[in-house]
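Participant:
In the working numbering, the protein residues as written are 175 to 304.
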């Protein structure tokens with residue numbers, strides 16, 4: 175039983191209706207057997223603002239929607255993760271290159287590769303120097 179299901183549903187709906195592209199990651203992306211009470215992990219491109227598209231900065235959007243910046247985060251993709259914000263059971267990683275991170279995780283999932291820190295860094299370096 176998920177005790178805070180309405181709160182999680184509200185947070186997910188807020189993300190779904192945002193003007194930003196959020197990518198699912200973590201256990202809910204990589205695993206087909208996720209416990210119901212598992213947290214939610216997403217990443218989003220680091221955007222300060224894009225006035226031509228009418229977009230606020232991702233930082234102000236997260237703040238306005240009740241997310242709080244984490245002082246420490248355990249994410250292992252090298253220096254690609256700029257910051258992590260949380261609200262309830264949802265973490266949002268702000269990353270420098272969301273397309274690259276998504277490409278890495280899609281390849282890893284397709285090949286069923288365990289994503290340790292070393293594997294993330296190696297894959298990131300390979301894509302950087304192509």
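Even for Gly, the Cβ is constructed at its ideal location relative to N, Cα and C.
Do residue 263 and residue 189 count as a contact pair if the criterion is CB distance below 8 Å?
Facilitator: Their beta carbons are not under 8 Å apart, which means residue 189 does not touch residue 263 by this criterion.
Participant: Would DSSP call residue 203 helix, strand or coil?
Facilitator: Here residue 203 sits in helix by DSSP.
Participant: Within 10 angstroms of the Cβ of residue 178, are there 16 or more other Cβ atoms? Answer buried if so, exposed if not.
Facilitator: In this prediction, residue 178 has a pLDDT of 48, which is less than 50 and means its spatial position is unreliable; what the coordinates show is noted afterwards. Its Cβ having fewer than 16 others within 10 Å, residue 178 is exposed.
Participant: Which same chain residues, not among the five before or five after residue 243, have their C-beta less than 7 Å away from its C-beta?
Facilitator: Hits under 7 Å: 257 and 259.
Participant: Taking the C-alpha atoms as reference points, what is the distance between residue 261 and residue 194?
Facilitator: Roughly 17 Å between the two C-alpha positions.
Participant: Rounded to the nearest angstrom, what separates residue 277 and residue 283 at their Cα positions?
Facilitator: When rounded, the distance between both Cα atoms is 10 Å.
Participant: Which value, in whole angstroms, describes the spacing of the CA atoms of residue 216 and residue 247?
Facilitator: Going from the Cα of residue 216 to the Cα of residue 247 covers about 13 Å.
Participant: Are the beta-carbon atoms of residue 202 and residue 192 separated by less than 8 Å?
Facilitator: In this structure, residue 192 does not lie closer than 8 Å to residue 202 by Cβ.
Participant: What does the Cβ neighbour count give for residue 265, buried or exposed, with the cut at 16 atoms within 10 Å?
Facilitator: Result: buried.
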